[in-house]
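Working notes for the structure below.
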Amino acid sequence: MGFAAYFSAIWYLWDTPAVYPLKVFVVLLHEISHAMVAVATGGTIEQIVLDPDQGGACYCPGGNAFLTLSAGYLGSLAWGGLLISAGQMKRIDTRWVTGAVGLLVVGLSLAYISNPFGFWFGLAFGSALLIGAIRLAPATNQGILLTLGLTSCLYAILDIKSDVIDRPELQSDAAMLGDITGIHTLVWGGLWIVVALLASAWLFQWSYRKA
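Add 3 to the 1-based position in the sequence shown for our numbering, that's all there is to it.
Take a look at the structure:
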């Protein structure tokens, strides 16, 4: 199945239960991105929370607040790009990549996800990826990576629009960034969505040519 077919299927099924677990997974990537940047800039991770309404939070005090807050939406976009690229690289055994992502999700769930829904979702989703890496063929794992990557990129764009552009009154990453920089929430939201659209357009075009 080509790249265009994966994209079309995800887009068509976007608001159905079939894509719901993938959306929650992208929320987890969003929170993981906050956590990684916080730790990289001297902070710590206290806990990560995921809720059934596709919301989440990462409590990671310390570190560089500007970079940590910026890492959420752009981080899930970057994860999407990495997953799509890994799925398209002929020299990479996709089973190893799927397995590594599964181990990451399981490990973070055990170590940091504190609420019941998030904890059990992380264990179930990560375990499913590990089983897929062990039991499924490389071509099937390529499809898994492309599906995860595409969902991550699309969700990053739509999430920025929903949380920042459509509802600027929300206490979003952009709102908190506005508080510490004095630059309005909509400016950050507009900048992030432009970056996300341009990066996704380039990535999708590259992937379509590679498929």
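Using N, Cα and C, we set each Cβ at its ideal position, and we do this for glycine too. Source: prediction; values computed, not measured.
query: Tell me the start and end of each unbroken beta strand (DSSP E) in the region 81 to 166 that is at least 3 residues and wholly inside, in chain order.; result: none
query: Does the beta-carbon of G135 have 16 or more other beta-carbons within 10 angstroms, so that it is buried, or is it exposed?; result: buried
query: Beta-carbon within less than 8 Å of I168's beta-carbon, same chain only, minus the 5 sequence neighbours each way: which residues are those?; result: L189, G192, G193 and I196
query: Take V198 and list the residues in its own chain whose beta-carbon comes closer than 7 Å to its own, dropping the five residues that flank it on each side.; result: L77
query: When we look at the beta-carbon of S79 and count the other beta-carbons within 10 Å, is it buried (16 or more) or exposed?; result: buried
query: Please return the same chain residues whose Cβ sits closer than 7 Å to the Cβ of A204, not counting the five positions on each side in sequence.; result: none
query: Near I186, what residues of its chain come up, given a Cβ to Cβ distance below 8 Å and the 5 sequence neighbours on each side ignored?; result: L180
query: Should V22 and Q57 be called a contact, given that it needs their Cβ atoms to be closer than 7 Å?; result: no
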